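Residue numbers (UniProt numbering): 1 to 422. We put the CB at the ideal spot given by N, CA and C, even for glycine. Computed from a prediction, not measured in an experiment: that's the story for all the values here. Take a look at the structure below.
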């Protein structure tokens, strides 16, 4: 640790950055987190470029998955903010800088932390459906986190302290943590990569702190109440805001993590075959050995049995004859082209064309055809045609208007009901 004194004044304010196209903010995605923090802190959002004037107004500054690159002036402002006693929380996601198209590692590398461009997956189908929704139940790397969560760890339980908290780590990446920083959480033994840090802390005595979490989805509204993620959220902000939390030095110096080893992408390599030189076989002196005769030779073992079958079936042993095909003509026989005589006579009378379906259909069928043919815009046409079908216009007193048709039909219905009442 480096001892540095800080004259920074407490503002009791937490600011979430929203200037780098972050996937979540306090108004969308982090509503539950915002509601919990504002009980004790002033919570705000920054939509402008990161400057010293903005950083001086807060105690904790949060970068929740920036998807744009930080400018050089912004990087220097963040470094001065941390060196001056400020607290910085950085969260990213699976794929790291490559997927988020950011350069946040430029800020973190100075403090011994780097977010890898990988993903944490669950290699056992438990407990969530998506492989990247990794369920970790043995991921605590420093037993001081259990005390922050309100769980006491006795000396007899030191070997089992990692079983104290269970969490779901969705769509997250692993971290590289050097000796100058402390790994807080790991992937455990049931996720891949095995035993790699996912949350780390860099602190200086009486100075600033940086907490890096490899998943910005972990504190979102969808996952913050699953498992014990809410306790992880409390621990992270306690580390950022409280001065009296001390980590276990034994766990800090020798965390239970493994080396970061990469494995080849077999699926990608399989799509890119490459040629190689091989030593050819010596050619035999007898070229006939190069032919595989067993695959193409004719076997005459069954020939005697075939010849004997002619006598048993009483069939002549002679070459097959040609069977002449018989084609059936698809057309009838031809008839001579004889034209009948044309006699002088009157032509057929020119009759009007009638729609037989319309003429011989009942009123109900014609009304049904009219209903299927008309739409909502054809209401007036429908009423007039229905009046024509029902014979309304046979009465000369009815005008050829839709309102007149409705009035006439309504009058007839009322008269009909009067007759039925009698």
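When only Cα atoms are considered, residue 179 and residue 90 end up about 19 Å apart. When C-beta atoms of the region 10-19 are compared with those of the region 40-51, three or more pairs fall below 8 Å, so the two segments count as touching. Taking the Cα of residue 169 as reference, the smallest distance to any Cα among 149, 198 and 142 is reached at 198. About 16 Å separates the CB atoms of residue 142 and residue 244; that is not less than 8 Å, and the two are not in contact.
Taking C-beta atoms as the reference points, residue 175 and residue 214 count as a pair closer than 8 Å. The alpha-carbon of residue 140 is positioned some 19 Å away from that of residue 114. Assigned with DSSP and collapsed to three states, residue 96 falls in helix. Residue state for residue 414 is assigned as helix, using DSSP reduced to three classes. If you draw a straight line from the Cα of residue 271 to the Cα of residue 97, it is about 25 Å long. Collapsing the DSSP output to three states places residue 288 in a helix. No Cβ-Cβ contact shorter than 8 Å links residue 29 with residue 234.
Under the 8 Å Cβ criterion, the region 25-40 does not count as touching the region 76-93, having fewer than three qualifying pairs.
Put simply, the backbone Cα of residue 290 is about 15 Å away from that of residue 280. Judged by DSSP secondary structure, residue 114 falls within the beta strand (DSSP E) whose first and last residues are 113-115. Per DSSP, the unbroken beta strand (DSSP E) holding residue 199 starts and ends at 197-203. Under DSSP, residue 17 shares a beta bridge with 46. Rounded to whole angstroms, the separation of the alpha carbons of residue 61 and residue 171 is 22 Å.
Closest in alpha carbon position to residue 49, among 267, 333 and 66, is 66. In this chain, residue 87 is not harboured by any alpha helix (DSSP H); it is covered by the beta strand (DSSP E) spanning 87-91.
For residue 140, the secondary structure class from DSSP, reduced to helix, strand or coil, is strand. When the beta-carbon positions are compared, residue 413 and residue 404 stay at least 8 Å from each other.
The three-state reading of DSSP puts residue 133 in strand, counting E and B together. In the DSSP assignment, residue 63 is bridged to 90. By the criterion of at least three beta-carbon pairs nearer than 8 Å, the region 186-202 is in contact with the region 116-131. The beta carbon of residue 247 sits closer than 7 Å to the beta carbons of 142, 144 and 182 from its chain, once the five residues preceding and following it are set aside; these are given in chain order. Secondary structure of residue 53 (DSSP, three-state): helix. DSSP places residue 304 in the uninterrupted alpha helix (DSSP H) bounded by 303-313.
When DSSP states are grouped into helix, strand and coil, residue 148 belongs to the helix group. Less than 8 Å divides the Cβ of residue 70 from the Cβ of residue 103. Sequence-distant partners of residue 177 (beyond 5 residues in either direction) whose C-beta falls short of 7 Å from its own C-beta, in its chain, are 112, 113, 183, 197 and 200. In the same chain as residue 367, and ignoring 5 residues on each side of it, the C-beta atoms closer than 7 Å to its own belong to 386 and 389, in chain order. Approximately 13 Å separates the beta-carbon atoms of residue 119 and residue 216; this is outside 8 Å, ruling out the contact.
Taking the CA atoms as reference points, residue 59 sits about 56 Å from residue 274. Shown here, residue 400 sits in coil according to DSSP, grouped into three states, outside any helix or strand.
Taking a contact as a CB-CB distance under 8 Å, the pair residue 232 and residue 146 does not count as one, their CB atoms being some 12 Å apart. The Cβ neighbour count for residue 292, taken over all protein chains shown within 10 Å, is under 16; the residue is labelled exposed.
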